[in-house]
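Written out below as structure tokens is the structure these notes cover.
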Amino acid sequence: MNFNYEKTKEECLKYALEYCKFAYEVIEDSKTTNKIYSKMDKLFKNLLKHSKGKEILELMIEEKSDYIKYISAVYVIHFDEKKALSVLKKLNEKYKKSTEGLGLMYLSIDMFLKEWEKGNIRT
Numbered sequence: 138m139n140f141n142y143e144k145t146k147e148e149c150l151k152y153a154l155e156y157c158k159f160a161y162e163v164i165e166d167s168k169t170t171n172k173i174y175s176k177m178d179k180l181f182k183n184l185l186k187h188s189k190g191k192e193i194l195e196l197m198i199e200e201k202s203d204y205i206k207y208i209s210a211v212y213v214i215h216f217d218e219k220k221a222l223s224v225l226k227k228l229n230e231k232y233k234k235s236t237e238g239l240g241l242m243y244l245s246i247d248m249f250l251k252e253w254e255k256g257n258i259r260t
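Our numbering applies: residue 138 is where the sequence shown begins, and numbers increase by one.
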């Protein structure tokens, strides 16, 4: 059975945007947020298993949406730490002083970076 990279990429984009909307904007329905996260995580991890999937993730980190950049970087860090950390640090700085819902994204990015530096996140 052939792996459909394009379909998986589109689903990754869809679920990453949906997850971030629920996690950083709506913030009312944790059950839905967790369900979306599970679907998204499975899709992104599936891309990590394939060399072409990794190429797709590297392209996704360049998307316009900061949500997509953030989520993609969390997975890219497993095979291109330097590139992912660069993106995450730029986003962290950008949202550091945000007073809107995106301030929550800053907290997520900041916590991720701290835990990565401590070695608490496995590749």
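Quick reminder that beta carbons are idealized off the backbone N, C-alpha and C, glycines included.
query                                                                                                           : result
Are Ala160 and Ile205 close, meaning C-beta to C-beta below 7 Å?                                                : no
Go ahead and pull the three-state DSSP assignment for Glu147.                                                   : helix
CA-CA distance, Val211 and Ala221?                                                                              : 7 Å
Could you give the first and the last residue of the continuous alpha helix (DSSP H) run that contains Ala160?  : Neither: Ala160 is in no alpha helix (DSSP H) and is coded neither H nor E.
Quick check on the DSSP output: the alpha helix (DSSP H) that includes Asn257 runs from which residue to which? : First-last for Asn257: undefined, no H or E at that position.
Straight-line CA distance for Cys157 to Met177?                                                                 : 11 Å
Does the Cβ-Cβ distance between Ile258 and Glu252 come in under 7 Å?                                            : yes
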